[in-house]
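Read through the structure below, which is laid out as structure tokens, and then see the notes.
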Amino acid sequence: MSSPLRSPIRNDADARALEQTPLDDLLTATNAFDAIRQRAEQDPDNIALKFLVPGDVEAPPRDISFGEFMAGCYQTANMFHDHGLRPGEVVSFLLPLCEEAYCTIVGGEAAGIVNAVNPMLEDWQIVKILKAANTKILVAAGPELSAEIWDKVAALRAELPELAVTFRVGAGPVVDGVEPFTETRAGYPNDHLISGRQIQPGETASYFHTGGTTGTPKLAQHTHYMQATQIWSTGQAIDYGPDDSLTTGLPLFHIGGSIVCGIVPLAHGTTLVVVSPAGFRDPTTVRDMWQIVHHHRITILGTVPTVFGALLNSPLGNADISSVRHGFTGGAPLPTEVGRALIKTMGKPLLEGYGMTETTSFVTMLPRNGEPAVGSAGIVVPHCKVRTVELDADGEVLRDCDVDEIGVVIMGGPGVTPGYVQEQYNEGALMADGWLNSGDLGRFDSKGLLWLTGRAKDLIIRGGHNIDPAVIEETLHQHPAVELAAAIGKPDSYAGELPIAYVQLKPGAEASADELQAFAREHIPERAANPANLFLLDEMPQTAVGKIFKPALRWDAIERVFTELLAPVAEAAGVEINVSAGASDIHGTLVNVAVADANTGDDLISKIDEVLSPFTVKYQISNINLILL
-3 MSSPLRSPIR NDADARALEQ TPLDDLLTAT NAFDAIRQRA EQDPDNIALK FLVPGDVEAP
57 PRDISFGEFM AGCYQTANMF HDHGLRPGEV VSFLLPLCEE AYCTIVGGEA AGIVNAVNPM
117 LEDWQIVKIL KAANTKILVA AGPELSAEIW DKVAALRAEL PELAVTFRVG AGPVVDGVEP
177 FTETRAGYPN DHLISGRQIQ PGETASYFHT GGTTGTPKLA QHTHYMQATQ IWSTGQAIDY
237 GPDDSLTTGL PLFHIGGSIV CGIVPLAHGT TLVVVSPAGF RDPTTVRDMW QIVHHHRITI
297 LGTVPTVFGA LLNSPLGNAD ISSVRHGFTG GAPLPTEVGR ALIKTMGKPL LEGYGMTETT
357 SFVTMLPRNG EPAVGSAGIV VPHCKVRTVE LDADGEVLRD CDVDEIGVVI MGGPGVTPGY
417 VQEQYNEGAL MADGWLNSGD LGRFDSKGLL WLTGRAKDLI IRGGHNIDPA VIEETLHQHP
477 AVELAAAIGK PDSYAGELPI AYVQLKPGAE ASADELQAFA REHIPERAAN PANLFLLDEM
537 PQTAVGKIFK PALRWDAIER VFTELLAPVA EAAGVEINVS AGASDIHGTL VNVAVADANT
597 GDDLISKIDE VLSPFTVKYQ ISNINLILL
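Residue numbers (my numbering): -3 to 625.
Dropping the structure here:
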């Protein structure tokens, strides 16, 4: 089923050979709208989107052809334009996985700039994102589609008087300033842009927010040319074609959902099989995935590592998965044991890739026709640039690292963002000559394969000794009862940090914290990396795209440490002291030390200060902000 236009990529030499042809000679279009339009004109009857009924594998899906989809994109673009959206102006959306969301992405980029927003963020964060983007038009799910989203929209609209209009997807109340998306769109032409716009490659196509665990998320800019180049590069790496069908369930506010599993496969004529409006977050999705592959003859199985890990606990049963050509994953490191088990289950290659919001899509991926290298992030994707380097104290490149020497991973090439909307975030991230500092650590081996070794800011620093959390995590993943493992540093007044671990067991598995801690100590080669504590969790905290949410674990660790240290103080004073840690827009992390006594005096405050002052974590007592350096 592979496209005959695809060249085999067996190794790094094959990827570099493809770069002998200039990139501009390989592009069929310089923007996603035109790339998908060309595909729709070539094969209008092929299915672009297939929406499944959650929990009912055998139910007839809702199919939308490429011709129908492109007509909807034209109408969406024209509707936005008629309501005042111009190039350089922003339409933001808060939507689950639905046809209107995909049309908003593609059609919105033909009219202006598209800003997809995570509806699960706190209201204040959503408002800040919409304001930072200077949003002119908002598209949001109505109460019929998502009561949770609509409740947030109703609250935030009052704080956004600059909105020209809000389009409601799905049924809902008649409200001033709100128009029904579907009914309004139907009145516009479906075969041309009424603006007559000729999209320029260097114009901004979209914003994607990233980070934000400690305040307002950064808005990374994508140009039309960035997306066009990654349509070709990622298309080559994954080998999308018009005979393929791809499982998709990643949210559209993430490049995995919008780009890697969105506009890129659509531009290659691949059918997107949308597993649920909630995507992979719907519990029936993982349960039914092998049957979905069977019934819809999926050829490419793509998702994040946490979902793949959960799939191993879902029996194949009578599912015939022979249609799968390969799987791919990214967004977070895949535990090696999980990767090997998946390859054995599928009997097909599993491609691991690496990229960032700021690079549009993947910049490295395992060669799809090459030898397995479980645990590697792969070779550099054709026409992308990746280096490992040593940086000086100012973040400038001193030299490139040698083979197998660990260094900071930096990325370059046409897929790298020109910068963040908020200028203050550009310093330290964007380097000279358009290179981007990933903040990740890695090494290239003699075959050109990138091996990620950790994240610079995730290092556990124990008394000046750097510990890579991956050493602990990979060891724990070797235990047969462990499904997910995460290692962080807990605050320690002497060592600065001590390594600890959190574990989620496989369904039905049994293992005690003491047993797993002993297993780790027996198998971790570095004594300093042995976890000081190990905690079992019913469910590991995860982001909306399936990454382990380590900030929540760090907050839990801080709470445990501070609570234990303050217990004698509370007992002596005869009061209750509650400790809670979380994100702060100012400090990154802020700890609230709440004393359950209206008469909290200076003496008690002094005793709390005495206990907590050795730590660098910012904290406050009652309503008194104490900023400790």
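Don't be surprised by glycine CBs; every beta carbon is placed ideally from N, CA and C.
DSSP places I496 inside the beta strand (DSSP E), whose first and last residues are 492 to 501. A contact is defined here as three or more CB-CB pairs under 8 Å, and the region 269 to 278 meets this definition with respect to the region 243 to 250. The way I'd put it, the region 105 to 118 doesn't touch the region 282 to 291; fewer than three beta-carbon pairs between them come closer than 8 Å. DSSP lists V385 as the beta-bridge partner residues of D396.
According to DSSP, residue pairing for S88 in a beta bridge involves N111, L134. Judged by pairs of C-beta atoms under 8 Å, the region 396 to 403 does not touch the region 333 to 351, as fewer than three such pairs exist. Ranked by Cα distance from G305, the options L338, T206, D599, A425 are led by L338.
A contact between stretches requires three or more CB pairs, one per stretch, nearer than 8 Å, and the region 541 to 561 fails this requirement with the region 507 to 524. Per DSSP, the beta-bridge partners of I544 are Q538. Close CB contacts of V613 within its chain, under the 7 Å cut and outside five residues either way in sequence, are with P487, I554, T585, V587 (chain order). Between the alpha carbons of F177 and L90 lies a gap of roughly 13 Å. Rounded to the nearest whole angstrom, the CA to CA distance from T267 to T100 is 18 Å.
For the set Y490, S254, D30, the Cα lying nearest the Cα of F611 is the one of Y490. Burial of P410 is indicated by the presence of at least 16 other C-beta atoms within 10 angstroms of its C-beta.
Of the residues V260, L600, S357, the one whose Cα lies closest to the Cα of Q217 is S357. Collapsing the DSSP output to three states places N433 in a strand. Within the DSSP bridge table, the entry for S241 names T267 as partners. By the neighbour-count criterion, in which a residue is buried when 16 or more other Cβ atoms sit within 10 angstroms of its Cβ, Q71 is buried. Residue pairing of D59 in beta bridges, as defined by DSSP: K46. Excluding its 5 nearest sequence neighbours in each direction, V334 has C-beta neighbours in its own chain below 8 Å: P301, F304, G305, L308, H473, listed in chain order. Straight-line spacing of the CA atoms in G323 and I604 works out to 53 Å. In the three-state reduction of the DSSP assignment, G459 falls in the coil class. A direct Cα-to-Cα measurement between L19 and A224 gives close to 10 Å.
In this structure, the CA atom of P537 is about 14 Å from the CA atom of A328. Annotated three-state conformation of V334 is helix, per DSSP. A straight-line Cα-Cα distance of about 25 Å links T281 and L532.
Between V87 and the set L126, F62, K381, the nearest pair of CA atoms involves L126. The Cβ-Cβ distance between L152 and Q418 does not fall below 8 Å. Sequence-distant partners of T180 (beyond 5 residues in either direction) whose C-beta falls short of 8 Å from its own C-beta, in its chain, are M75, F163. Under the three-state reduction of DSSP output, P301 falls in the helix class.
Counting every other CB atom within 10 Å of its CB across the protein chains shown gives A97 a total of 16 or more, marking it as buried. Where G231 is concerned, the enclosing alpha helix (DSSP H) starts and stops at 220 to 234. Put simply, of G253, H220, Q226, V269 the residue whose alpha carbon is nearest the alpha carbon of D239 is V269.
Separation of the CB atoms of S372 and T295 is rounded to 23 Å, and the pair is thereby denied contact status at 8 Å.
A direct Cα-to-Cα measurement between V589 and G326 gives close to 38 Å.
A Cβ-Cβ contact shorter than 8 Å links V161 with I133.
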